Amino acid sequence: QRAGSEVEHPGLEPAPIWDGGTAGGSLTGYTTMTENNFLLKKIEISVSEAEKRTGRTAMNMQETYTAYLIETRSVEHADGQSVLTDALWRRYSEFELLRNYLLVYYPHVVVPPLPEKRAEFVWHKLSADNMDPDFVERRRIGLENFLLRVASHPVLCRDKIFYLFLTQEGNWKETVNETGFQLKADSRLKALNATFRVKNPDKRFTELKHYSDELQSVISHLLRVRARVADRLYGVYKVHGNYGRVFSEWSAIEKEMGDGLQSAGHHMDVYAASIDDILEDEEHYADQLKEYLFYAEALRAVCRKHELMQYDLEMAAQDLASKKQQCEELATGTVRTFSLKGMTTKLFGQETPEQREARIKVLEEQIKEGEQQLKSKNLEGREFVKNAWADIERFKEQKNRDLKEALISYAVMQISMCKKVGGWYLTLLPVCLDSCSCFSLLLGCIGICSHF
Amino acid sequence: MEGERRASQARSSGLPKGGADGESPGGGAPFAGSSGSSALLQSEVLDLDEDEDDLEVFSKDASLMDINSFSPMMPTSPLSMINQIKFEDEPDLKDLFITVDEPESHVTTIETFITYRIITKTSRGEFDSSEFEVRRRYQDFLWLKGKLEEAHPTLIIPPLPEKFIVKGMVERFNDDFIETRRKALHKFLNRIADHPTLTFNEDFKVFLTAQAWELSSHKKQGPGLLSRMGQTVRAVASSMRGVRNRPEEFMEMNNFIETFSQKINLVDKISQRIYKEEREYFDEMKEYGPIHVLWSASEEDLVDTLKSVASCIDQCCKATEKRMSGLSEALLPAVHEYVLYSEILMGVMKRRDQIQAELDSKVEALAYKKADTDLLTEEIGKLEDKVECANNALKADWERWKQNMQNDIKSAFTDMAEENIHYYEQVIVHCGGMRRPCQDGCWQASVSYSGMASKPTWQRSLPGNRL
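Note that the protein sequences, when read in sequence, are chains A and B. Under the UniProt record's numbering, the letters of the first sequence match residues 1 to 452, in that order. Under the UniProt record's numbering, the letters of the second sequence match residues 1 to 467, in that order.
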């Protein structure tokens, strides 16, 4: 099936896994979900509408925002008919909340990205205004894409909070916050710190991080240049539009050439207007690339999590080692390392054998605890690595498939654009030639016709 | 002459057997879309009859053998109209071939200047030889133009390229500037050669054949600088009067010229702007392809696809460059020439008005009996002839000029349309080349995708997902 391979994913971190039986009446159609990997086998999700709304912020100030209608339909087996099961409105910030939650609870997963918050890589015609209808439309598509990605992910699709996002309009925000996920989130500073302090980084993750940096850099560059190219192309087309008006005025003074000029002018107007649709279609291609630009960030997040776990592990191991050494020193009486106790002993006199015994006992307890912790941390780490790599492999295949198809359909788009525009120029020719048709030119046209 | 005229009429209303005794190239098959052209021909042929007498006025050479060079207006067969697009007369009937090439820099103590080599090949009897090679500089061309204007004040003398580049740096020795100028000078001389009257001008002949020192001494003849200046002063004074009494047809002509001048200037500006925009587009595109190659370095599985997108874009880049050069070689110079022509037309109109004004002032003088009546009447008689000649010359040349203009403009835009078609053709071919690395069927899948739908490709095969 689409969207990833059949992959074992045991050992998930304790997260509320949505269970078919407890959620309520409308779920009867979904009981088979927990057994199947993919939600989308049974249901359709669409973000079908966008609406401008006004409301009040927490500070009681008026604000305008856009709300998106999410509709879920269950697909019946037999006749492929679908029945609307849920419909609710969500705004962008709620999507962000959902994603942040998923990031915390599934740190080993490359979590699908949201469409951009603000329009980036804008070329001059597109406005950077969030209320612009074209931007809202592209965002609607992006949000739908996000939900479909999550629903087709073997792990994420089973999440209860995600399910509630699709089905429980009121109170969903409170439910998410109640999970306390914000507290579980790792601080960015901690993560950054870990990056520089890890002693034994996993080579695979280092390479992956490097790859995600490169991906981000190259796609950004590509999108920037594409925006500039789009800008220039827009200029070329629009200037041709000026011919339209001039030819029309000129045709008024010409007898024989008048009709030809009028017609040519009209062609120029059509040509100039065609660029708007062309560039809008290109914008969709750009959105597909942008998705992977943001996916690069998600990849990096997984790497960072690994680094953090690795760092944690190294710190724990280091701590254990130092405690063991202390213990040994106390037992043997040799002081190789500096310790506060040692200092105070020197200053205030030797401690009694009883005191020493007590201290050794404490340390031994701590060492035992530490060893347990280290063991579980190691286990956790290995589990993480296993699950993460499984998801990364899944992601790689998805990325290769998607990007390949996007690039090819970009070429297809150019072809159909050229056919359309080239065809117009072809109809312009007889207009130009008018009564002075050139034989050889006509023959040439016939040759070209086969392409169009 | 009569017999020939009627024969030409018959021939033109029928269909092609060639313009003159079946000599014209291009085969003899009729072609579609000529219905309009034969209607056109009919009307032109009728005009020919009306202006019969006028033809005698400016065609100096009585031994006209060809129908086509006989008519100042247009060739009389549809087939020769094919060549009208590129040549003004059928190539077979040309007897004067001129090329301008080999710009060379000359450095003297006073100045540096460029000379151009001019090669003339001719079969005409009045030339001493059949081939001539001379070197001329821009100043010499200016001299020639001045002499032609003097001799034929109401004929439309072709434009010379500008003295300096108006915008940008005044780089007289810049390669592009020299090449543009060379082409324009070539056009200038050929237009004169193709003009039924100007082609026989004596100064023109001297220009094409005389050695440097011969030309210098020839230049020194003729009215001196002071007398020419005197003429100019008188001309300015009387030109206003001429406008008042302008006959209706010349009012119409003037209106046309004014509107045409406006429009052609706009078209010139627009065309230059398009070139500039295309250049900037090309500059950005040059960067676009290589990014995909850069990307392919970090992607194992996408190398083929990315590299072929890159090559696709680079090929399209080349096609853009070709289109641009087509524009700068055909459309831009053609439109610019007519910008210059529009200025010339206004000058011609002025001179016609001046000649009329001379007559009018003498007529006025007679009315007020300011001077010797007999002398005045004689002078008026001469001036009336002069005015009639000037008017007729202009009328005839005007028709010829308009026809050429229409052909040239159509041809220029046809070239532009052709260049664009070739460009889009090239893009289609190159994008189609993407097919190769993707034999695993995903090309087919994409081809069936309309390419314009908004859903990302991966969603297409989701079950139950409606597209």
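We put the beta carbon where it would ideally sit given N, CA and C, even for glycine. Only a predicted model underlies this, so the values are computations on that prediction, with no experimental measurement involved.
- Within the stretch 296-312 of chain A, not one residue has a Cβ closer than 7 Å to any Cβ of chain B.
- In chain A, no part has a C-beta under 7 Å from the C-beta of residue 249(B); the shortest such distance is about 14 Å.
- Pairing residue 179(A) with residue 147(A), the inter-Cα distance amounts to about 21 Å.
- Of all residues in the stretch 134-157 of chain A, the ones placed with a Cβ closer than 7 Å to any Cβ belonging to chain B are 141, 145, 148, in chain order.
- Contact between residue 294(A) and residue 223(A) does not hold, since their C-beta atoms are separated by about 11 Å, which reaches or exceeds 8 Å.
- The DSSP assignment places no complete run of the beta strand (DSSP E) inside the stretch 200-242 of chain A (cut-off: 3 residues).
- The residue among 45(A), 68(A), 47(A) with its C-alpha nearest the C-alpha of residue 53(A) is 68(A).
- At least one C-beta of chain A is nearer than 8 Å to the C-beta of residue 256(B).
- A straight line joining the alpha-carbon of residue 94(B) with that of residue 193(B) spans about 9 Å.
- Straight through space, the alpha carbons of residue 128(B) and residue 423(A) are spaced by roughly 54 Å.
- Here residue 129(B) carries a coil assignment [DSSP, helix/strand/coil].
- Taking all protein chains in view, the Cβ of residue 163(A) is crowded by 16 or more other Cβ atoms within 10 Å, so the residue is classified as buried.
- Taking 8 Å as the Cβ-Cβ cut-off, the stretch 389-410 of chain B approaches chain A at 406, 407, 409, 410, given in chain order.
- Among the CB atoms of chain A, one or more fall inside 8 Å of the CB of residue 298(B).
- The straight-line gap separating the alpha-carbon atoms of residue 360(A) and residue 202(A) is approximately 35 Å.
- For residue 281(B), the nearest beta carbon of chain A is closer than 8 Å to its own beta carbon.
- Against residue 394(A), chain B offers no close residue; the least beta-carbon distance is about 13 Å (beta-carbon pairs closer than 7 Å).
- Going by DSSP, residue 118(A) is part of no beta strand (DSSP E) at all; its letter is neither H nor E.
- The residue from 362(A), 304(A), 308(A) with its alpha-carbon nearest to that of residue 328(A) is 362(A).
- Judged by beta-carbon spacing, residue 57(A) lies within the 8 Å limit of residue 63(A), meaning their Cβ atoms are closer than that value.
- Relative to residue 282(B), the option among 282(A), 248(A), 229(A), 159(A) whose CA is nearest is 229(A).
- Around the beta carbon of residue 244(A), 16 or more other beta carbons sit within 10 angstroms, so the residue counts as buried.
- One finds nothing in chain B with a Cβ atom closer than 7 Å to the Cβ of residue 98(A); even the nearest lies about 20 Å away.
- Chain-order list of chain B residues neighbouring residue 130(A): empty, with the shortest C-beta distance near 19 Å, by a criterion of under 9 Å.
- For the pair of segments examined, the stretch 106-120 of chain A was found not to touch the stretch 253-270 of chain A: the number of CB pairs separated by less than 8 Å stays below three.
- Sorting 172(A), 258(A), 332(A) by C-alpha distance to the C-alpha of residue 356(A) places 332(A) at the top.
- CA-CA distance, residue 211(B) to residue 180(B), rounds to 25 Å.
- With respect to residue 159(B), residue 409(B) sits apart: the two C-beta atoms are not nearer than 8 Å.
- Look at residue 44(A) here: in three-state DSSP terms it is strand.
- For the options 382(B), 163(B), 363(B), 271(B), the alpha carbon positioned closest to that of residue 335(B) is the one of 271(B).
- Our two residues, residue 287(A) and residue 110(A), have alpha carbons roughly 19 Å apart in a direct line.
- Close CB contacts of residue 426(B) within its chain, under the 6 Å cut and outside five residues either way in sequence, are with 319 (chain order).
- Residue environment for residue 197(A): exposed (fewer than 16 other C-beta atoms within 10 angstroms of its C-beta).
- A distance below 7 Å between beta-carbons, with the five flanking residues on each side excluded, links residue 201(B) to the following residues of its chain, in chain order: 148, 151.
- Taking all protein chains shown into account, residue 360(B) has 16 or more neighbouring C-beta atoms within 10 Å of its C-beta and is therefore buried.
- Its Cα nearest to that of residue 192(A), the residue 309(A) stands out among 258(A), 139(A), 283(A), 309(A).
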